[in-house]
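The sequence shown lines up with residues 1 to 155 when you count with UniProt numbering. Where is the CB? At the ideal position from N, CA and C, for every residue including glycine. One structure below.
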Amino acid sequence: MSDVPARLVAWGQQLVEVHDRLRDELDRLLDGLDETSELTRELGAHCMAFCSAVGRHHTGEDRTAFPALAAQYPELRDTLEGLERDHLMVAGILQRIDDALRTADGDPARARGEIDGLAAILESHFRWEERAIVAALDGLADPTLSAAQLFGRDV
């Protein structure tokens with residue numbers, strides 16, 4: 001029997017749960033955009049909160065999850081670099097959404113176009129990330145890590 005206690009946390013499953021919550025929030029945001037042709041203050045606040053959550057999630061991965069995975073699984077480095085490039089692309093879209101929301105009249109068509117693009121890219125990114133790193137996350141050996149550190153939020 002091993003002297004190392006078994007970790008009770010399946011980080012890979014927690015990543016999927018974070019992604020599922022972000023997917024649900026994005027669906028609610030898109031539903032809200034479908035219901036109106038205007039960017040209401042409430043809808044703008046929801047959008048900004050969602051964009052902030054995505055940014056925090058990717059920051060957690062870039063600062064903690066990916067370096068931990070690269071240290072333990074060097075064979076994943078190219079994949080992790082690709083995922084980080086995706087994060088930069090998503091950050092650019094998040095900035096354009098923020099810009100559209102902050103204009104004097106809040107350009108609903110521009111914001112909707114950016115959010116639709118974000119939805120497509122995020123779904124592709126989430127699926128790739130889940131296929132590529134869930135098993136490795138489950139095997140992380142560092143007992144000091146937390147969901148907030150790894151994924152930018154508590155699960």
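Environment of residue i [buried if 16+ CB atoms lie within 10 Å]
i, result
"ALA68", "buried"
"VAL4", "Interpretation of VAL4 is limited by its pLDDT of 38, a score under 50 that renders its predicted location unreliable; no figure is taken from the coordinates."
"LEU101", "buried"
"ALA6", "Any reading at ALA6 must be qualified, since the residue scores a pLDDT of 45, below 50, and its modelled position is unreliable; the value itself is stated next. With fewer than 16 other Cβ atoms within 10 Å, it is exposed."
"ALA111", "buried"
"THR79", "buried"
"GLY60", "buried"
"ALA148", "exposed"
"GLN13", "exposed"
"MET1", "Note on MET1: pLDDT 34, under 50, position unreliable in the model; no value is reported."
"THR144", "exposed"
Rounded Cβ spacing between residue i and residue j (contact assumed at less than 8 Å)
i, j, result
"LEU137", "LEU15", "6 Å"
"HIS46", "LEU29", "6 Å"
"HIS57", "VAL18", "6 Å"
"LEU94", "CYS51", "5 Å"
N-terminal and C-terminal residue of the alpha helix (DSSP H) that residue i is part of
i, result
"LEU150", "147-151"
Contiguous beta strand (DSSP E) assignments of at least 3 residues, all confined to the UniProt domain "Hemerythrin-like" (14-136):
Fully enclosed beta strand (DSSP E) runs of 3 or longer: not present.
With three or more C-beta pairs closer than 8 Å as the rule, is the region 137-153 touching the region 65-79?
In short, these stretches touch, since the Cβ pair count reaches three.
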